Amino acid sequence: MSTRYFGEPVKRNEDARLLTGAALFVDDVELTGMLHAAFLRSPYAHARILSIDSTAAKQRPGVIAIYTAEDLGAYWQPGPLLVPPPPVAGITFNQRCQVPLAKDVVRHVGEPLVLVIAESRYIAEDAVNDIVVDWDPLPVAADLEAAARPDAPRVHDDVPGNVAAWVRQTNGDYATASRGAHLTIKRRFTYDHGCSQPMETRGVVAQWDNKADKLTIWDTTQAPVAIRNGMAAMLKLSERQVRVIAPFIGGGFGPKIMMFYPEEVLVPWVAMQLDTPVKWIEDRAEHFVATTHERGQIHDAEMALDKDGKIIGVKDVFLHDTGAYDPYGLTVPLNSQCTLLGPYVVPHYDSTFTAVFTNKTLVTPYRGAGRQHGVFVMERLLDIAARELGITPAEIRRRNFIAPDAFPYNHKIIYQDFTELTYDSGNYAPILDQVLKTIDYERFIKEEQPRLRAAGKCVGIAVVCYVEGTGIGPYEGAKVQVQASGKVSVVTGIGTQGQGHYTSFAQIVADATGVDVTDVEVVTGDTDQFYWGAGTFASRGAVVAGNAIGQAAGIVRQKILSTAAEHFECAETDLVIENGKVSLAGVPDHSITLGELARQANPMRGAVAPGTEPGLEATSYFGPTMGATASGAHAMIIEVDPETMMIEIKRYAVAHDCGVVINPLIVEGQVQGGVAQGIGNAFFEQLVYSEEGQLLNASLADYLLPTALDVPRMEMTHTVTPSPLNPLGIKGVGEAGAIPVGPLYAQAIEDALQLHKIKVELLDIPLSPSRLWELTRAGKLE
Amino acid sequence: MSSTELSDTSVNDSVTVTLTVNGKRYTRTVEPRMLLSDFLRHELGLTGTHVGCEHGVCGACTVQMDGQPARSCLTFAVQAQPHAISTVEGLAPARGQLHPLQEAFRECHGLQCGYCTPGILMTMQAFLAAHPDPDEAQIRHALSGNLCRCTGYQHIVDAVALAAKNARAAKGGAA
Numbered sequence: 183m184s185t186r187y188f189g190e191p192v193k194r195n196e197d198a199r200l201l202t203g204a205a206l207f208v209d210d211v212e213l214t215g216m217l218h219a220a221f222l223r224s225p226y227a228h229a230r231i232l233s234i235d236s237t238a239a240k241q242r243p244g245v246i247a248i249y250t251a252e253d254l255g256a257y258w259q260p261g262p263l264l265v266p267p268p269p270v271a272g273i274t275f276n277q278r279c280q281v282p283l284a285k286d287v288v289r290h291v292g293e294p295l296v297l298v299i300a301e302s303r304y305i306a307e308d309a310v311n312d313i314v315v316d317w318d319p320l321p322v323a324a325d326l327e328a329a330a331r332p333d334a335p336r337v338h339d340d341v342p343g344n345v346a347a348w349v350r351q352t353n354g355d356y357a358t359a360s361r362g363a364h365l366t367i368k369r370r371f372t373y374d375h376g377c378s379q380p381m382e383t384r385g386v387v388a389q390w391d392n393k394a395d396k397l398t399i400w401d402t403t404q405a406p407v408a409i410r411n412g413m414a415a416m417l418k419l420s421e422r423q424v425r426v427i428a429p430f431i432g433g434g435f436g437p438k439i440m441m442f443y444p445e446e447v448l449v450p451w452v453a454m455q456l457d458t459p460v461k462w463i464e465d466r467a468e469h470f471v472a473t474t475h476e477r478g479q480i481h482d483a484e485m486a487l488d489k490d491g492k493i494i495g496v497k498d499v500f501l502h503d504t505g506a507y508d509p510y511g512l513t514v515p516l517n518s519q520c521t522l523l524g525p526y527v528v529p530h531y532d533s534t535f536t537a538v539f540t541n542k543t544l545v546t547p548y549r550g551a552g553r554q555h556g557v558f559v560m561e562r563l564l565d566i567a568a569r570e571l572g573i574t575p576a577e578i579r580r581r582n583f584i585a586p587d588a589f590p591y592n593h594k595i596i597y598q599d600f601t602e603l604t605y606d607s608g609n610y611a612p613i614l615d616q617v618l619k620t621i622d623y624e625r626f627i628k629e630e631q632p633r634l635r636a637a638g639k640c641v642g643i644a645v646v647c648y649v650e651g652t653g654i655g656p657y658e659g660a661k662v663q664v665q666a667s668g669k670v671s672v673v674t675g676i677g678t679q680g681q682g683h684y685t686s687f688a689q690i691v692a693d694a695t696g697v698d699v700t701d702v703e704v705v706t707g708d709t710d711q712f713y714w715g716a717g718t719f720a721s722r723g724a725v726v727a728g729n730a731i732g733q734a735a736g737i738v739r740q741k742i743l744s745t746a747a748e749h750f751e752c753a754e755t756d757l758v759i760e761n762g763k764v765s766l767a768g769v770p771d772h773s774i775t776l777g778e779l780a781r782q783a784n785p786m787r788g789a790v791a792p793g794t795e796p797g798l799e800a801t802s803y804f805g806p807t808m809g810a811t812a813s814g815a816h817a818m819i820i821e822v823d824p825e826t827m828m829i830e831i832k833r834y835a836v837a838h839d840c841g842v843v844i845n846p847l848i849v850e851g852q853v854q855g856g857v858a859q860g861i862g863n864a865f866f867e868q869l870v871y872s873e874e875g876q877l878l879n880a881s882l883a884d885y886l887l888p889t890a891l892d893v894p895r896m897e898m899t900h901t902v903t904p905s906p907l908n909p910l911g912i913k914g915v916g917e918a919g920a921i922p923v924g925p926l927y928a929q930a931i932e933d934a935l936q937l938h939k940i941k942v943e944l945l946d947i948p949l950s951p952s953r954l955w956e957l958t959r960a961g962k963l964e
Numbered sequence: 171m172s173s174t175e176l177s178d179t180s181v182n183d184s185v186t187v188t189l190t191v192n193g194k195r196y197t198r199t200v201e202p203r204m205l206l207s208d209f210l211r212h213e214l215g216l217t218g219t220h221v222g223c224e225h226g227v228c229g230a231c232t233v234q235m236d237g238q239p240a241r242s243c244l245t246f247a248v249q250a251q252p253h254a255i256s257t258v259e260g261l262a263p264a265r266g267q268l269h270p271l272q273e274a275f276r277e278c279h280g281l282q283c284g285y286c287t288p289g290i291l292m293t294m295q296a297f298l299a300a301h302p303d304p305d306e307a308q309i310r311h312a313l314s315g316n317l318c319r320c321t322g323y324q325h326i327v328d329a330v331a332l333a334a335k336n337a338r339a340a341k342g343g344a345a
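Below, the structure is given as structure tokens:
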């Protein structure tokens, strides 16, 4: 088989629909008689609900129905635990899941307590404003560190100390091994990751068809199959009675896989109650408080090193803000705990975290999913150690890399997929070399920087490294089918939110079946099209679904050959599949189209041989034994204006290794978008809360997303270390770009402003001009 | 619709709104407070115009009014009556074809989820009409009022530059 599309920068199949405004997003669904939902949400972070008076709202013309928790009857149940706690000895885990509508007590601003259904969204929102609630405000646990104190106000009355979870994982014996250290670095780090802010907010449309006894739900979810299963269970329907469609989704980045959001549970229920289609679309103000965040951790970390700068061990104790409920389990802090180790040999590791309930919006994974927090701690410890030892940041990293012949490399702690954290493959030094070469590291440090500094310019350089666990299980599946039209259909259970699956999956199938890539029709996110699947998260779509598709396409290819061999009465080896046809080798005129073969494989009359399956189709499933570990290095040169503390990025270089690449154009886009979100996290975005638990900057005018003026052009290079865990050799790339940007900023700014001269270290993210101003002024006062 | 008529209208009354969108006239009876974005999307079914923030920051809802980019989420439908409105549905010359700017976005992978894309196209098409030979800094400045959360902007900038280059070449000017 000649590879024509795999590995090529193929233009995307989905673009024409998106560019012309024809693509269907959830809010584009219009149904006859459709009603609209709006929610009354808590204005308090913590309060008792004394009474709710909806009298005026009910009388407003156009209002159809109003529901409080009491009105839900037996349907009112806390949500399911989406991810169970990991099998770690001595673990504490207190499961407290969100509820559809708050009953008695609200635990964060934005928690819904009344659902209004009206003829239009305008009227529904008017009615929400008519509702009068008598509140009894309660003491608030807002600040992470304060919430973790024994005497803090309790988010849940029965959870002392607000301890959602406590997990200690160790490898080796840090306490003993660190006694012989040449150097020990000990610091407190604060890392605050913001919120994902996809350009499309969340939304749900539901339609009950009482003639067919079927429910259809359009949902902005990353996991349509799981939503289908959950909704069927909650509504006491069979799975086959529920169809969930995740059409085009306007960005996900993690929070769209939280399950189940209150609105997601309520809108289908109301559509059934009223036997009328119902739509709810989140507005941006709601999104800030009602869609999950990621937010902060505080790490007290230390690193022990020998005289050569080799790591003896790391000890880390950290607090993790999980918000008011913890339905997503411990994925985020586990990722922090594991990804901290990075591409380095850490012989002794002792890491303990406490996940803490706070009166704030729930925390669930957002692109990076806690990896950033860990990577920041590790990279900063290395930077400080390098300075103490008088070596460059690049050199200390190189000395600690896991050797290329040490894979698979087992860190002997439990990862988010509940297997031991094992890197399948990697080769880190060439990545570092590559990025240093791109940014011209040595020459900048030796020639350019001294010259620019002499001219009064505050210029700095930085380089950081990271790994990313990707492509975890359990499994995905796909059905590949040659249609009578000659086009090849691919259906899979994952959702897609801009990752280019309509194209990368088509590339895999086009090569196997010999059709043009534009003749492969990919369907994702429709549970009536493909029944099974877990969802798009953890940079796993291309890896797990991609390999299932590769397998199915291989079987279809075999069926094409055997059907054609029968047709031509020849050996399969005499056949050539290309351009949508099968022909006899050397006799291109003697050919049959795939469409005709598909029709022949589905006879309408006569007899077939026993065991014959109709059609040219195959369904396959792929489940990796563990995740494939991607890796990379970023480098950056900046200039800081010492008056305004604004930063100009002069150059930004990325070298990364995500195994075999299906489509380099799409991979570049994924990395560039990730870096942009990393820049937002490092220098622009922060969810600012008052002591009362009020989010003070809940608008895009106040919560600053990076613009085209803030994100630099990136110079990108690739190395390829194929994953041995899957036939295609691919690794995920979705989150890579976003992960290492925080420590890159800190290192570059310290260098540019020569902060060591005033004994200032940058130990927290996000930074900002005002934060830098505060820190540098504090330094000068010493 | 004059402003004096508006002042006598309460939010609960309906008004008749006639708009010219992509060269076609539409008349609907709606609440006077209806936003132009909602009118286009839900009254006319022109759902290519997307709503991202409803407070004028993100730019996803950008349409053109008399050729100038405007936020349809900050405009009442009644206010738009005297103006010629253009939306993303009107860009391509015919079904199955793409406008050269749309072609360039496809060529350069200038979109991922595609949600912000219609607003960006409407912004940059107007920009290119006024600035046929922009440099990268000018493109980035013009683009900076539209938020994109997926791409990191680089491929969008490339797409706009390519569209400008192609347009100059098509006119026979220096590429």
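Heads up: the protein sequence lines correspond to chains A and B, in order.
The number in the working numbering is simply the position in the first sequence, starting from 1, with 182 added.
The number in the working numbering is simply the position in the second sequence, starting from 1, with 170 added.
By construction, the Cβ of each residue, glycine as well, lies at the ideal position given by its N, Cα and C atoms.
Every value quoted in this text rests on a predicted model; they were computed, and no experiment measured them.
Subject >> Spatial distance of Q295(B) from M381(A) (CA atoms) >> reply: Answer to the nearest angstrom: the Cα atoms are 21 Å apart.
Subject >> L985(A): first and last residue of the uninterrupted alpha helix (DSSP H) it sits in >> reply: Past the edges of chain A, shown from 183 to 964, lies residue 985(A), and the structure says nothing about it.
**OP:** Give the DSSP-derived three-state secondary structure of M786(A) in the structure shown.
**Re:** Under the three-state reduction of DSSP output, M786(A) falls in the coil class, being neither helix nor strand.
Original post:
Using a Cβ-Cβ cut-off of 8 Å (strictly less than) and excluding sequence neighbours within five positions of G505(A), which residues of its own chain qualify?
Top reply: Here the set comprises H290, T474, H475, R477, F539, T540, K542, T543, L544, V545.
Original post:
Relative to the alpha-carbon of Y927(A), which residue among V870(A), L935(A), A864(A), A883(A) has its alpha-carbon at the smallest distance?
Top reply: Y927(A) has its Cα closest to that of A864(A), out of V870(A), L935(A), A864(A), A883(A).
Original post:
Of all Cβ atoms in chain B, is any one closer than 8 Å to the Cβ of G851(A)?
Top reply: At least one chain B Cβ lies under 8 Å of G851(A).
Subject >> Cβ pair L189(B), A250(B) closer than 8 Å >> reply: yes
Subject >> Rounded separation between G193(B) and L205(B) - CA only >> reply: 20 Å
Original post:
Exposed or buried, M828(A), counting other C-beta atoms within 10 Å across all chains shown (16 or more means buried)?
Top reply: exposed
**OP:** Please look up how many angstroms separate the CB atoms of A472(A) and L512(A), rounded, as I've assumed it's under 8 Å.
**Re:** About 22 Å separates the two Cβ atoms, so there is no contact after all.
**OP:** Flag this pair as touching only if the region 548-557 of chain A and the region 261-269 of chain A have three or more C-beta atom pairs under 8 Å; answer yes or no.
**Re:** Segments in contact, no.
Subject >> Every unbroken beta strand (DSSP E) within the region 508-569 of chain A, with a cutoff of 3 residues, ordered by chain >> reply: Taking only runs of at least 3 residues, the beta strand (DSSP E) segments lying wholly in the region 508-569 of chain A are 530-539.
Subject >> DSSP state of A365(A) mapped onto helix, strand, coil >> reply: One point to set straight first is that residue 365(A) is Leu, not Ala, in the sequence displayed. Of the three classes helix, strand and coil, the one that applies to L365(A) here is strand, per DSSP.
Subject >> Where A296(B) meets chain A, residues with beta-carbon distance less than 7 Å >> reply: Correct list: empty, because the minimum Cβ distance to chain A is about 16 Å.
**OP:** Report yes or no: do the region 276-284 of chain B and the region 208-227 of chain A share at least 3 C-beta pairs separated by less than 8 Å?
**Re:** no
Subject >> Where Q379(A) meets chain B, residues with beta-carbon distance less than 7 Å >> reply: Under the 7 Å cutoff, chain B gives R319.
Original post:
For chain B, is any of its Cβ atoms less than 8 Å away from the one on G855(A)?
Top reply: With a threshold of 8 Å between beta carbons, G855(A) makes contact with chain B.
Original post:
Whose Cβ in chain A lies nearer than 7 Å to the Cβ of C286(B)?
Top reply: M381
Original post:
Going by beta carbon distance, what residues of the same chain come within less than 6 Å of W400(A), once the five residues before and after it are set aside?
Top reply: Excluding residues within five positions, the ones whose Cβ falls inside 6 Å are V208, V211, V387, I427.
Original post:
Distance, Cα to Cα, K285(A) vs E468(A)?
Top reply: Spanning the alpha carbons of K285(A) and E468(A) requires a straight line of approximately 20 Å.
Original post:
Which one or two residues does DSSP pair with Y373(A) in a beta bridge?
Top reply: Q479(A), I947(A)
Original post:
Name the DSSP beta bridge partners of S671(A), please?
Top reply: Q663(A), E703(A)
Subject >> Where the alpha helix (DSSP H) containing T202(A) begins and where it ends >> reply: Element bounds for T202(A): n/a, residue is neither H nor E.
Subject >> Completely contained alpha helix (DSSP H) runs for the region 604-665 of chain A, where each covers 4 or more residues >> reply: Counting whole runs of 4 or more residues, the region 604-665 of chain A contains the alpha helix (DSSP H) stretches 610-621, 631-636.
**OP:** Could you pull out every residue in the same chain whose Cβ sits closer than 7 Å to the Cβ of T458(A), ignoring the five residues on either side in sequence?
**Re:** The residues are G215, L217.
**OP:** State yes or no: is the beta carbon of T546(A) nearer than 8 Å to at least one beta carbon in chain B?
**Re:** no
Subject >> For F750(A), the first and last residue of its enclosing alpha helix (DSSP H) >> reply: 728-750
Subject >> Boundaries (first-last residue) of the beta strand (DSSP E) holding E850(A) >> reply: Unbroken run through E850(A) is the alpha helix (DSSP H), 846-861; no beta strand (DSSP E).
Subject >> Where the region 209-220 of chain B meets chain A: residues whose CB sits under 9 Å from a CB there >> reply: R211, H212, G215, L216, T217, G218, T219, H220
Original post:
Any chance the region 487-497 of chain A sits against the region 445-456 of chain A, with 3 or more Cβ pairs inside 8 Å?
Top reply: no
Subject >> For I847(A), the nearest candidate out of E873(A), H816(A), T899(A) (CA to CA) >> reply: Note on residue identity: the sequence assigns Leu, not Ile, to residue 847(A). Residue T899(A) is the option with its Cα nearest to L847(A).
Original post:
In its own chain, which residues sit with a C-beta less than 8 Å from the C-beta of V557(A), not counting the 5 before and 5 after it?
Top reply: T521, L522, G524, V646, Y648, I921, P922, G924, P925
Original post:
So is C223(B) in contact with chain A if we call contact Cβ pairs under 8 Å?
Top reply: yes
Original post:
Should S667(A) go down as buried or exposed, given a rule of 16 or more other Cβ atoms within 10 Å for buried?
Top reply: exposed
Original post:
Under three-state DSSP, which class holds N353(A)?
Top reply: strand
**OP:** Quick one: using the 10 Å Cβ neighbour count with 16 as the cut-off for buried, is D325(A) buried or exposed?
**Re:** buried
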